[in-house]
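> This structure is in C-alpha cells; I'll ask about it shortly.
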Amino acid sequence: AMIVLGFNNEEQESFFQIIAAILHLGNLAFQEDNNGQAQLSDRKVAEDACKCLGILPEDFITSLLNPIFKAGRDEFVAQAR
C-alpha cells in the first residue's frame, strides 16, 4: 500500500522506526525511589525506543526524569531528581 502511495523504501523504514519507538514508549514504566523521585522500572525499554529514534538514551532519560522549565524571561529551572 505504501508503494502504491509513492513512499520509497527509506521513507517506509523511517515510518516503521517511528511507529516502533511509539510502541516502546508505551511500555515505559516508572517507580519511586527512596527520595520520592521517579525512576524507570526498566531502562532497556527507553534504550530500545532511543535506538529506533537515533538519539542518545542517557540524554532522553535525563530529560524525561529531570525536565527543565522556563521560569521567567531568561531563567531555566531543572526539576530536582
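In our numbering, the protein residues as written are 14 to 94.
For each residue, glycine too, the CB sits at the ideal point set by N, CA and C.
#1: Can you tell me where the beta strand (DSSP E) with residue 17 in it begins and where it stops?
#2: Do the stretch 44-52 and the stretch 18-30 touch if we need at least three Cβ pairs shorter than 8 Å?
#3: Any contact between the stretch 56-70 and the stretch 78-92? By contact I mean 3 or more CB pairs, one from each, below 8 Å.
#4: What does the alpha-carbon distance come out to for the pair residue 6 and residue 29?
#5: Going by DSSP, what residue range makes up the alpha helix (DSSP H) through residue 51?
#6: Our contact map puts residue 36 next to residue 53 with C-beta atoms below 8 Å; I'd like the distance itself, whole angstroms only.
Walking through what the data contain:
#1: Taken as a continuous stretch (DSSP letters only), residue 17 belongs to no beta strand (DSSP E), as it is neither H nor E.
#2: no
#3: no
#4: Because the chain here runs from 14 to 94, residue 6 falls outside it and cannot be looked at.
#5: That residue, residue 51, is in no alpha helix (DSSP H); its beta strand (DSSP E) goes 51-53.
#6: With a Cβ gap of about 17 Å, residue 36 and residue 53 do not count as contacting.
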